[in-house]
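K.L.:
Chains as they are written, first to last, in this note's numbering: chain S, 1 to 352; chain G, 1001 to 1352. Note that CB positions come from ideal geometry on N, CA and C, so glycine has one too.
Number of protein chains: 2
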Amino acid sequence: MYIKRIETTPFELEMHGALRWGKFGELKSIEHMLVKVEDQEGNIGISEAPVRPTIYGETRESITAIVQLFSTKLIGLSSDDEEIYNVLDSIPNNHCAKGAIDMAIYDLRAKQRQQNIVDAYAGEKNQIRVSYILGISNIETMLQEAKRVFANGVSVFKIKIGRDSQHDEQIIQALKTEFSDEVILYVDANETLDAKEAPARLEKLANLGVAYIEEPLPVHLIKEREYLRSLEILPIIGDDSCFTLNDLQRELQCNTFDILNIKTARSGFYYSFKMLEEAKKHHKGVMLGSQASCGLGTIFCAIMASQEGVTHPCELSFPLKLKTHMLQKPINYNNGFLDIHSLRDYKLLCEL
Amino acid sequence: MYIKRIETTPFELEMHGALRWGKFGELKSIEHMLVKVEDQEGNIGISEAPVRPTIYGETRESITAIVQLFSTKLIGLSSDDEEIYNVLDSIPNNHCAKGAIDMAIYDLRAKQRQQNIVDAYAGEKNQIRVSYILGISNIETMLQEAKRVFANGVSVFKIKIGRDSQHDEQIIQALKTEFSDEVILYVDANETLDAKEAPARLEKLANLGVAYIEEPLPVHLIKEREYLRSLEILPIIGDDSCFTLNDLQRELQCNTFDILNIKTARSGFYYSFKMLEEAKKHHKGVMLGSQASCGLGTIFCAIMASQEGVTHPCELSFPLKLKTHMLQKPINYNNGFLDIHSLRDYKLLCEL
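Here's what the structure looks like:
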């Protein structure tokens, strides 16, 4: 069936508090986009595009414009046509816009077969262990947030570090004291560590009980990253260094990471599946990252997280940071696991 | 003096014919943007932003939107404030939008001192040898175009290759037959060669008299590119692999190129100066690339090309491809050289 219309719709959701990361990153409220792809029969696939100027250089305006530009080339193609990916590949960057078009088309294909996306694409794993991202704040606030989320059943925490090493160590110790071995802790340095000091910092984090670390060093320091990984102090997650399949291939050549962070928000389904295959072929671990996706984005992310080859807890709990929601029924985290089948009959709130 | 207003204005120019490159690249007409930065005294700095969706993922809409977003953070800053670069660095990609803001601010600073940009920033070199880009077309068309440009005094040609190796060799031979050793020929493969076949292809091109080659292999194949350069068959120009200062640092770590292609259109003046310094420190050659800049962009590019450390002919002749112009007085190429001082009193056509 042919693609007839592609549309973007902005939407807003409120958060419980701000999420802070890296040197300057901050997210205070959610201003995302819905991307809808309609075929000539009236079937509609819908996905969520996060808007992250400081990570991908995309704004609502750029997403609107690039989706409009792509739509001139996609309308008239069959929704199964591989040419779709040539069109999307013809323009670089614009990651979340392209990821959202891709996922909306996957959703459309499921709808054409009267299937929900979970039944259409879920993998072998029914129960996915979820992790929760603790943004940078004062110790008390971070601990309170962790307790609230732990009470909701989540027992894996990613702690954003890199603004103040003393503070980083204090919060890790506080969390270990509070939850002892009931929780898995890992950290995300968002490229903020110094290359010379990194080995010692990683030793210290390992001794504090941190399980693995995401992007310790600036991505362009490829030789230093290769060296740091070779020391095998802590497993390293590749995220900022692995936006695309091409990035991933470069990083695999240089062997800079141990666990690949796939984000469906930026690589869609088509390339996320390819990146997962590539990681498996190279015997790398795989996790799914959140990109602060709300309900709908989290469902797509969970479907990818249920695939064979995903080895680590996945960041599927961002909706717990939200005060207002996009799904009629909130996502349920049961003892720290997300039941993929509980997402089968999701419905968007009609006001979106 | 404080930045008071930042504006974008689209403009169109006609070309003599289409420019084709790489596997799919094609440019049929010019739809660029002017970026104007005004201070509280009414001084206005102006620069040109090319719009290249297939290279940088930017559209007119994305450039308009991101310049608007930056302007909310730049307005009120002194035009000399280093904070300007923190603001521009806070959002990745959007290369030509950021490059144009940067250059408009340099122009503004010159205007504040009642100087023209040439006197304010030109380097030691008065006469810059220019090269001309021959897009992919049939042999006869390419040869006719080369003759027309040669008659205008230009004797260095960059030939876009990579769609058909037989055709590539034919046009190089035809140009050599036509002009013998009066011309320097180099080629731009735009990442289209096969890694295994590349050494033999480079041997062949060297034997045909090609002086150097730009981006033979896909950028993400970093190990293959490192190896190909180490063979020293032909000097390699780094372009797609060196968009930013960070990219350049990665490439220098891996020693993948011999000559750096700096494009002021994408790195502005601030980062172009830094990239030039970095290249000099590593004893690399440097050339300036065109990005199909029209008159105003070519002036900024020529100023960078006049700096000490620029070692190779520079792509300053794109205006010869234009049927309509943005400058009142056309740029004059004298025996294949551009006299930087001839650009001192340039004026934009008032209809822009």
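1. Out of G/T1264, G/M1275, G/I1233, point me to the one whose CA is closest to G/L1252's CA.
2. What first and last residue would you give for the alpha helix (DSSP H) that runs through G/T1008?
3. Between the alpha carbons of G/T1311 and G/N1094, how many angstroms are there, rounded?
4. Taking only beta carbons into account, state which residues of the region 73-90 of chain S come closer than 9 angstroms to chain G, listed in chain order.
5. Residue ranges of each alpha helix (DSSP H) run of no fewer than 4 residues wholly in the region 133-197 of chain S, ordered along the chain?
6. Looking at C-alpha atoms only, which residue of S/F318, S/L343, S/P199 is the closest neighbour of S/A18?
7. Please check the pair S/I340 and S/N126, which I expect to be a contact at CB under 8 angstroms, by giving their CB distance rounded to whole angstroms.
8. Whole angstroms are fine: how far does the CA of G/I1105 sit from the CA of S/R229?
9. Can you tell me whether G/C1294 is buried or exposed, with buried defined as 16 or more other CB within 10 angstroms of its CB?
10. Beta-carbon of S/F70 versus every beta-carbon of chain G: anything under 8 angstroms?
11. Between the alpha carbons of S/A146 and S/Y227, how many angstroms are there, rounded?
12. Could you spell out the range, first to last residue, of the alpha helix (DSSP H) harbouring G/L1074?
13. Mapping the DSSP letters down to three states, classify G/L1296 as helix, strand or coil.
14. Please confirm whether G/T1256 and G/S1241 have their CB atoms less than 8 angstroms apart.
15. I need the DSSP call for G/G1238, collapsed to helix, strand or coil.
16. Compute the Euclidean distance between the alpha carbons of S/I55 and S/H32, then round it to the nearest angstrom.
17. Taking just the CA atoms, how far does G/S1180 sit from G/S1306?
18. Going by C-alpha distance, which of S/D168, S/S131, S/Q173 is nearest S/G289?
19. Against chain G, does S/D247 count as a neighbour if the rule is that its beta carbon must be under 8 angstroms from one of theirs?
20. Which of the residues in the region 19-41 of chain S, read from start to end, lie with their CB under 7 angstroms from any CB of chain G?
21. For G/L1343 and G/I1331, I'd like the C-alpha separation in whole angstroms.
22. Output the boundary residues of the beta strand (DSSP E) element that contains G/N1261.
23. If the cut-off is 9 angstroms on Cβ atoms, which residues from the region 1275-1292 of chain G count as contacting chain S, listed in chain order?
24. Residues of chain S with CB closer than 9 angstroms to the CB of G/I1066, please, in chain order.
25. Do G/G1123 and G/G1336 have their beta-carbon atoms positioned less than 8 angstroms apart in this structure?
26. Could you give the DSSP three-state label for G/H1095: helix, strand or coil?
27. State whether the region 1010-1027 of chain G contacts the region 1081-1093 of chain G, with contact taken as three or more CB pairs (one from each stretch) at a distance under 8 angstroms.
28. Assign G/C1314 to one of three DSSP states: helix, strand, or coil.
29. Anything in chain G within Cβ reach of S/I222, meaning under 8 angstroms, just list it in chain order.
30. Quick check on the DSSP output: the beta strand (DSSP E) that includes S/A49 runs from which residue to which?
31. To which residues does DSSP link G/D1039 through a beta bridge?
32. Kindly provide the ranges of any beta strand (DSSP E) runs that are 3 or more residues long and lie completely inside the region 1101-1138 of chain G, ordered along the chain.
33. Have a look at S/R5, S/P235, S/W21 and flag the residue whose alpha-carbon is nearest the alpha-carbon of S/A292.
P.N.:
Inspection of the coordinates gives the following:
1. G/M1275
2. No alpha helix (DSSP H) holds G/T1008; the beta strand (DSSP E) holding it covers 1003-1013.
3. 28 angstroms
4. N86, S90
5. 139-151, 165-179
6. S/F318
7. 6 angstroms
8. 42 angstroms
9. buried
10. no
11. 34 angstroms
12. 1060-1074
13. helix
14. yes
15. strand
16. 14 angstroms
17. 28 angstroms
18. S/S131
19. yes
20. F24
21. 7 angstroms
22. 1259-1262
23. none
24. P53, G57, T59, E61, S62
25. no
26. helix
27. no
28. strand
29. I1222, R1250, Q1253, C1254
30. 44-49
31. G/I1003
32. 1127-1129, 1132-1134
33. S/W21
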